[in-house]
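These notes concern the structure reproduced below.
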Amino acid sequence: MSRPQSPSRESPAKDIKNISSNLEFQHFDHTETNIPKYNLPAPATQNTNNASSIWKLEYYQKYFNVDTADVRLKIEFNKVSRRIILSIVPYKSSFFDEIRNSPDLYGPFWVATTVTFLLFTTGSIAESIKHLINGGKEPYSYDFTKMSVSATTVYVYTFLIPLFWWGMFKWWKIQVPYLNIVDLYGYAMSVLMPVALICIIPSEIIKWITVSVAAGLSGLFIIRNLRPELRKLETQAISATFITLFTLAIHTGLLVFFKFYFF
Numbered sequence: 097m098s099r100p101q102s103p104s105r106e107s108p109a110k111d112i113k114n115i116s117s118n119l120e121f122q123h124f125d126h127t128e129t130n131i132p133k134y135n136l137p138a139p140a141t142q143n144t145n146n147a148s149s150i151w152k153l154e155y156y157q158k159y160f161n162v163d164t165a166d167v168r169l170k171i172e173f174n175k176v177s178r179r180i181i182l183s184i185v186p187y188k189s190s191f192f193d194e195i196r197n198s199p200d201l202y203g204p205f206w207v208a209t210t211v212t213f214l215l216f217t218t219g220s221i222a223e224s225i226k227h228l229i230n231g232g233k234e235p236y237s238y239d240f241t242k243m244s245v246s247a248t249t250v251y252v253y254t255f256l257i258p259l260f261w262w263g264m265f266k267w268w269k270i271q272v273p274y275l276n277i278v279d280l281y282g283y284a285m286s287v288l289m290p291v292a293l294i295c296i297i298p299s300e301i302i303k304w305i306t307v308s309v310a311a312g313l314s315g316l317f318i319i320r321n322l323r324p325e326l327r328k329l330e331t332q333a334i335s336a337t338f339i340t341l342f343t344l345a346i347h348t349g350l351l352v353f354f355k356f357y358f359f
């Protein structure tokens, strides 16, 4: 009985030689040029000068970054504030010289609106104090019709009386813009703001003294600024003087009306 033959085994060196003969040598010296490129952000660097940056002007620049609107608002506020002071303390002979090149409507409108609310508010406070002093047992009820009376009176006086003067100057052939006269009368009402606050004090003597001084200051402010324009008249000086005195009487009567109606 024959014995099966076992498969012949080749040596390991011969196997490696056979495998290496089947391999194809590859070259890797060719580089691919179509790789997409991306803009990667630069690596963040740590600022090592944070402690000393407060000594640089750039550090404080952000605190002075004011745009044009803010600057314009501040300039307008300074202009209105200066004109209010000139109207309450009329040491300058001609207010028209102040507003000739830059008249404004913001100031008269703001003053008229502020005076309207102050007259109603301080008048209501003064009446409630008087009601409390007189021993009123029922709560004080506010009269909101005084608000409408205050608004109507103040706005009519601020914008319609200048229209009358503008018509008279047109008739006399004197060139005075309507807006300048509105500024004159609008800023003349500024004196009522401190008057309204002082009149809260429950003393009739203090109230009458305050109203009298306010009427004198604001009336002087109006007359001193209208007089240089009225001096240009030659044949109608008497009529101009009469109209001026009549206007001054209306102005004084307005303040007296405010005293009786609100305080």
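Residue numbers 97 to 359, in the numbering used here, belong to the letters of the sequence shown in order.
Virtual Cβ for every residue (Gly too), placed ideally from N, Cα, C.
Rounded Cβ spacing between residue 287 and residue 221 (contact assumed at less than 8 Å): For this step, residue 287 is matched to residue 191 along the sequence shown. For this step, residue 221 is matched to residue 125 along the sequence shown. With a Cβ gap of about 19 Å, residue 287 and residue 221 do not count as contacting.
From 203, 326, 204, pick the residue whose C-alpha is nearest to that of residue 262; which is it? Translated into positions along the sequence shown, residue 262 becomes position 166. Among 203, 326, 204, the Cα nearest to that of residue 262 belongs to 326.
Cβ pair residue 291, residue 250 closer than 8 Å: On the sequence shown, residue 291 is found 195 positions in, with the first residue counted as 1. On the sequence shown, residue 250 is found 154 positions in, with the first residue counted as 1. Not closer than 8 Å, so no.
Relative to the ligand PLP, is the shortest distance from any of its heavy atoms to the C-beta of residue 291 smaller than 7 Å? The ligand PLP is absent from the structure shown, which contains no ligand whatsoever.
Please determine, among 197, 240, 209, the residue with the shortest C-alpha to C-alpha distance to residue 357. Stepping through the sequence shown from its first residue, residue 357 is reached at position 261. Measuring from the Cα of residue 357, the nearest candidate turns out to be 240.
Between which two residues does the alpha helix (DSSP H) holding residue 214 run? Against the sequence shown, residue 214 aligns to sequence position 118. For residue 214, the enclosing alpha helix (DSSP H) starts and ends at 202-229.
Runs of alpha helix (DSSP H) lying entirely within the stretch 269-341, each at least 4 residues, in chain order: Entirely contained in the stretch 269-341, the alpha helix (DSSP H) runs reaching 4 residues are, in chain order, 274-284, 288-294, 300-326.
Determine, using beta-carbon pairs with one atom in the stretch 268-285 and one in the stretch 294-304, whether at least three such pairs fall under 8 Å. Contact fails between the stretch 268-285 and the stretch 294-304, because fewer than three Cβ pairs, one in each stretch, are under 8 Å apart.
For residue 322, collect the residues of the same chain with a Cβ closer than 7 Å to its Cβ; drop the 5 residues on either side in sequence, then sort them by chain order. Against the sequence shown, residue 322 aligns to sequence position 226. Once the five neighbours on either side are set aside, the close Cβ partners of residue 322 are 340.
Write down the C-beta distance between residue 410 and residue 277 rounded to the nearest angstrom, noting that I regard them as a contact closer than 8 Å. Any answer about residue 410 is impossible in this case: the structure gives the chain only from 97 up to 359.
Where does the unbroken alpha helix (DSSP H) through residue 245 begin, and where does it stop? Reading the sequence shown from its first residue, position 149 is the one you call residue 245. Bounds of the alpha helix (DSSP H) holding residue 245 are 241-255.
With distances taken from CA atoms, which of 200, 179, 266, 243 is nearest residue 329? Walking along the sequence shown from the start, residue 329 turns up at place 233. If we check each option's Cα against that of residue 329, 266 comes out closest.
Going by Cα to Cα distance, which pick from 190, 197, 178, 182 is closest to residue 275? Numbered from its first residue, the sequence shown carries residue 275 at position 179. Of the listed residues, the one whose Cα sits closest to residue 275 is 197.
Residue 134 versus residue 200: straight-line alpha-carbon distance, rounded: Here residue 134 is taken as the residue at index 38 of the sequence shown, counted from 1. Here residue 200 is taken as the residue at index 104 of the sequence shown, counted from 1. With a pLDDT of 49 at residue 134, under the threshold of 50, the modelled position of this residue cannot be trusted; read the value that follows with caution. Distance from the CA of residue 134 to the CA of residue 200, rounded to the nearest whole angstrom, comes to 59 Å.
What do you get for residue 300, buried or exposed, if any count of 16 or more other CB atoms within 10 angstroms of its CB means buried? For the purposes of this step, residue 300 is taken as the residue at position 204 of the sequence shown. That one is exposed.
Between residue 203 and chain C, is the shortest Cβ-Cβ distance under 8 Å, so that the two count as touching? Absent here is chain C; the protein component of the structure consists of one chain.
Between which two residues does the alpha helix (DSSP H) harbouring residue 191 extend? The residue you call residue 191 lines up with position 95 of the sequence shown. First-last of the alpha helix (DSSP H) with residue 191: 191-195.
Measure the beta-carbon distance from residue 298 to residue 226 and round it to whole angstroms, keeping in mind my assumption that it falls under 8 Å. Locating residue 298 in the sequence shown gives position 202, counting from the first residue. Locating residue 226 in the sequence shown gives position 130, counting from the first residue. Between residue 298 and residue 226 a beta carbon distance of about 6 Å is seen, short of the 8 Å cut, so the two are scored as contacting.
Give the secondary structure of residue 357 by DSSP, where H, G and I count as helix, E and B as strand, and everything else as coil. Translated into the one-based positions of the sequence shown, residue 357 becomes position 261. DSSP places residue 357 in helix when its eight states are reduced to three.
Helix or strand or just coil, what does DSSP make of residue 258? Counted from its first residue, the sequence shown places residue 258 at position 162. Here residue 258 sits in helix by DSSP.
Residue 193: which of 320, 343, 359 sits nearest, CA to CA? Residue numbering aside, residue 193 sits at position 97 when the sequence shown is read from its first letter. Among 320, 343, 359, the Cα nearest to that of residue 193 is on 320.
Please report the straight-line C-alpha distance between residue 289 and residue 268, rounded to a whole angstrom. Indexing the sequence shown from 1 puts residue 289 at position 193. Indexing the sequence shown from 1 puts residue 268 at position 172. Per the coordinates, the alpha-carbon of residue 289 lies some 34 Å from the alpha-carbon of residue 268.
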